[in-house]
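Read the structure below first, then the notes.
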Amino acid sequence: MKFNSIIVLFSALFSEVLGLNILGVFPYQGKSHFFVFAPYLKEIARRGHNLTVISYFPLKEPVDNYHDISLAGKTKILEDVFPIYRSYWSIIQISFFLTNSGQENCITLLDDENVQNLWKTKQKFDLVLVELFNSDCALGLAHKLGAPVVGLTSHVLMPWHYEDYGIHYNPSYVPVLFLEGGTKPTLYQRIERSIFHLYFVYLHKLTCRRNNQKTLAQYFDDVPPLDDLAKNVNMLLLYTNYVLSGPGLYPPNVREVGGYHVTKPQELPQDLKKFIEESEHGVIYISFGSMLRATSTPRDKLEAIIDAVSEIPQRIIWKWEEKTLPGNPKNIFISNWLPQNEILAHPKVLAFYSHCGMLGTTEAIHYGVPIIAMPVFGDQPSNAAAVEESGLGVQIHIKELTKETLLEKLRIVLNPEFRKRAKELSKVWHDRPQSPMDTAIYWTEYAARTANYTFRTPANSPPLPKLSVCCRRPQSRHRPAPYFAHYSRHAPLAAFKYSIMKPSVLISILSLLVLTDYACSLNILGIFPYQGKSHFIVFRVYLRELAKRGHNVTVISHFPEQDPPANYHDISLAGSTKPIEDEGPFQTSYLILLAVSWFLAHSGVQNCDTMLANDQVQSLIKEKPKFDVIVVEQFNSDCALGVAHKFDAPVVGIMSHILMPYHYQRLGIPYNPAYVPFHFLEGGTKPTLYQRVERTIFDFYFRTLYKYYTQRSNQNSLAKYFDDIPPLDDLARDMKFLLLYHNFVLTGSRLFPSNVIEVGGFHVIDAKPLTGDLKKFVDEAEHGVIYISFGSVVKATTMPADKVQDVLNVMKQLPQRFIWKWEDKTLLVDKNKLYTKNWLPQVDILAHPKTLAFLSHAGNGGTTEAIHYGVPMVAMPIVGDQPANAAAVEESGLGVTLQVRDLNQENLLNAFKKVLDPKFRQRVKEVSKAWHDRPISPMDTAVYWTEFAAKHPNFTFRTAAADVPFYQYINLDVAAVLITIFILNIVALRILINKCRSKKKVTTKTEKKKAKRA
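Structure, rendered in structure tokens:
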């Protein structure tokens, strides 16, 4: 294994690749922000890219390939400028500071001569990196330079970012950057969030963004609205991670990279090192960052801190701006600058008393140091809530700070059990398939490789009335454009060659690390009660790979292995139910859809009973062997979750298709018919009004049928065998991960929480050479071949005779040969033109370079194989997820859709001509290239997160959205309170006006009486 590692690393070092010419624009003067970006920017330059950086913080020591355009001296650097106090008024002050500084920074940026030279000399950049904070001015500059944009943050999302990225904001479980409260806020906090969220969004839009637009117009006459440019950012590198911040619902163009700024600790200064190492009981570190003045701490609060730390045996290290502390306590080391990273890395540092800035919090979780969080402003309140909810620390609010309360918090975090929990949390923080830095660099380079690819979710496009068609949780998809930028633009500023690691080499290295990272063999149980062969074809490859990697795998299914690998054990349900294969009719209608719904509901119940009645399954439950993780198919039954519960092991769900209607709620994923395709219906991300109404009705129907028939029946069946099964709804929400069988390149950008992992493509195995008469038929095809198959569920021979004749007539008009999966032995066409068989090696056919197109029902298996090999599709969906897949095929640029009702000679011929066009086929190859462009292969991804669930069984990764009551989710109580307050104010105002009028009348009458007397 070591030899292989050396080979891979050697290949990486000497791969010949093209470097990028990158511009970084950081117009904000906050030092704490740039601290985060600096290591990332240096790493970009270190990896061979030519980097030009506009900022207030030029390098003190030059770095190869790194060039500064300095704004230093043009405005005051923000450091130690904010006092330690907190109120609504301070939040309002900060909001205006952000607005004003955003506009001032825009003017400073565009007024700089060196910056102006960039567009005046028409310099070409492959990519522009932009800090997205309190100004969008840099987006206008990037547009002028004509380069794709990667946004960066050093914090959680700002309120106005949600709309820009089509991310659903809900005060019921999403913290607001400037306010207290975590994912379970009180009613008061939700009202507070709602008001301040709207306040910040509209303040930014109506002041800062509008002023930025006017400033840009003074320099350029062709800058689109900044609202549009913000929505067109190719990638956002978000400085968070779900282990600390909780699972967010993000589209694929928002990548969590929290932690990349933490560098390898250096040697401590001698006096500080001596102070720490001589501490018999360890050290507590106190710092309120670079933005807050510790010396502005109110006198009574300062005394409370000093008194509290004087009563504990630990020594104290305190970042303090003055030379002495009141009372000159002996156990405290003070300095106006301290090497925070090195201090927190020291094993004798037991706790960190902090304002909870993102940098210090990240460093604390990196080293597993518990935090006492005392937030003051900015993102600190939401960070502090995350610290407490994650188990990394506790909160103390400055208004509640006394000697007693601080001592209580110190005792909590110094408790050995608490510190152990923090170390375990740190271990989970580090457990990633890629390091934060590698993740950030990979997606930066990815944005350049796919410069014209659209990642935007349609959630930020539909008008408000469309978004409110359904009150269920909105979900998001993107629609990729059919063209890709060729990764070949050269850096004009570069006088020499630059190089980066090829993605393929990077994937090889990461895959190698994944394979060797977790050597311990797991005992895994797989439960697959559905008898659909097309589903198990997908899972089979994954299950065999788990066994191949040394895990002990036991599988309950209807499809026992004929030649099982070592460590693979079957509990067979074969013969108890007829497998579903070649049974579907070749037509579509609402009646068929209803029939399918009842088949799924009934078979979900039947399969549960079949599995529970199986002697081997019952024996397994009675013996109760220890399983490390249980893999369960999520389809038309939750019965397997009840069985899994008996083994008390973490559960990983797995699917061979897109989400079913009833899966959204359990995973906390928003669903909205305005832009989310429905599993069983036609239409993509831009449905008609009719399609949206159709989706809304059928979504409700399928969820209701599942909940009140299938799931209830499963619960009753389980109750016959076991008396301790919790509600299946609760078990479903408790799944650690869901391995979802699609990828955003094909199915579009959606909002998924961190425990929903896209793994589409892992079933596609290496193709084998064709053999025999099929090989001869394909090789001799002068103009290539077109492959036709409607999968294992739909019989091609059930196609109406007139439709069959239309297909045959089209064959005669095209020069290509045809291969057709056909269940009958007779088909009246020349054998030199058409090859038929009831079974065909589909992967091997699609992999052949002479296969030019694929006429298919758009099943997920075949569609995945088509995009894997870059074969254009004519999608003719019939049942199940096929309509949604077909819409994705067309919107992604992989092919065209032809509905069964529209199948005739003319339409089919036009469809074939379109996909056979060389330009169309070239675009499909580019789509395929993007499909393969992943930091880790789909199989390694699936295996990694399966093992992750086993390694961390006590951690919950589900989003808080899955646990929010419906009335809170749609904010009924918040709306009721705000409406009540509005009405009461109107009533009070009316009463006041009436009183004033009455008083005026009385006064007038009195004056008249006086006048008469006079």
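If you're matching positions, the sequence shown starts at 795 in the numbering used here and goes up one per residue. By construction, the Cβ of each residue, glycine as well, lies at the ideal position given by its N, Cα and C atoms.
Residue range 955 to 958 is occupied by the alpha helix (DSSP H) that includes residue 956, with no beta strand (DSSP E) assigned at that position. When the beta-carbon positions are compared, residue 1581 and residue 1613 come within less than 8 Å of each other. Of the residues assessed, residue 1194 falls on the exposed side of the cut-off, its CB having fewer than 16 other CB atoms within 10 angstroms. DSSP lists 1579 as the beta-bridge partner residues of residue 1645.
Non-local C-beta neighbours of residue 1708 in its own chain, meaning closer than 8 Å and more than five positions away in sequence, comprise 1690 and 1714, ordered along the chain.
In the DSSP assignment, residue 1160 falls within the unbroken alpha helix (DSSP H) covering 1152 to 1161. The segment 1602 to 1616 and the segment 1632 to 1645 touch, with no fewer than 3 CB-CB distances between them shorter than 8 Å. As the crow flies, the alpha-carbon of residue 1766 is around 27 Å from that of residue 998.
Here residue 958 is buried: its Cβ has 16 or more other Cβ atoms, across all protein chains shown, within 10 Å. In the same chain as residue 1215, and ignoring 5 residues on each side of it, the C-beta atoms closer than 6 Å to its own belong to 1185, in chain order. Listed as beta-bridge partners of residue 924 by DSSP are 819 and 945.
Judged by pairs of C-beta atoms under 8 Å, the segment 966 to 976 touches the segment 1169 to 1176, as three or more such pairs exist. Residue 1533 carries a strand assignment under DSSP once its states are collapsed to helix, strand and coil. Assignment of alpha helix (DSSP H) within the segment 1709 to 1774, counting only whole runs of 4 or more residues, yields 1712 to 1726, 1732 to 1745 and 1760 to 1763 in chain order.
Assignment of beta-bridge partners to residue 1364 by DSSP yields 1349. For residue 1720, the closest C-alpha among the options 1763, 1745 and 1665 is that of 1665. Around residue 1092, the same chain offers no residue with a beta carbon nearer than 6 Å, after the five sequence neighbours per side are excluded. Using a 10 angstroms sphere on the CB of residue 1357, the tally of other CB atoms stays under 16, which defines it as exposed. Taking a cut-off of 8 Å on C-beta distances, the segment 884 to 898 touches the segment 999 to 1010, as three or more cross pairs fall below it. Beta-bridge analysis with DSSP links residue 1127 to 1111.
Shown here, residue 861 sits in a strand according to DSSP, grouped into three states.
Its Cα nearest to that of residue 1388, the residue 1500 stands out among 1429, 1500, 1322 and 1316.
DSSP places residue 1631 in the strand class (E or B) of the three-state scheme. DSSP, reduced to helix, strand and coil, places residue 1550 within a strand of the structure shown. Inter-residue distance for residue 1420 and residue 1602 is about 57 Å (C-alpha atoms, whole angstroms). Per DSSP, residue 1080 is not a residue of any alpha helix (DSSP H); the beta strand (DSSP E) it occupies stretches across 1077 to 1081. Here residue 912 is not near residue 1030, since their CB atoms are 8 Å or more apart.
Note that the C-beta distance between residue 1462 and residue 1471 is not below 8 Å. Using a 10 angstroms sphere on the CB of residue 1577, the tally of other CB atoms stays under 16, which defines it as exposed. Fewer than three Cβ pairs drawn from the segment 1773 to 1784 and the segment 1476 to 1493 lie within less than 8 Å of each other, which leaves the two stretches out of contact. Only residues of its own chain outside the window of five on either side were considered, and among them 1112, 1114 and 1119 have a CB closer than 7 Å to the CB of residue 1128, listed in chain order. With fewer than 16 neighbouring CB atoms inside 10 Å of its own CB, residue 883 falls in the exposed class. In this structure residue 1235 touches residue 837 by the C-beta definition: roughly 6 Å separates them, less than 8 Å. The Cβ atoms of residue 1181 and residue 1321 lie no closer than 8 Å to each other. The DSSP-derived three-state label of residue 1050 is strand. Taking a 10 Å sphere around the C-beta of residue 1150, we find 16 or more other C-beta atoms and assign the residue as buried.
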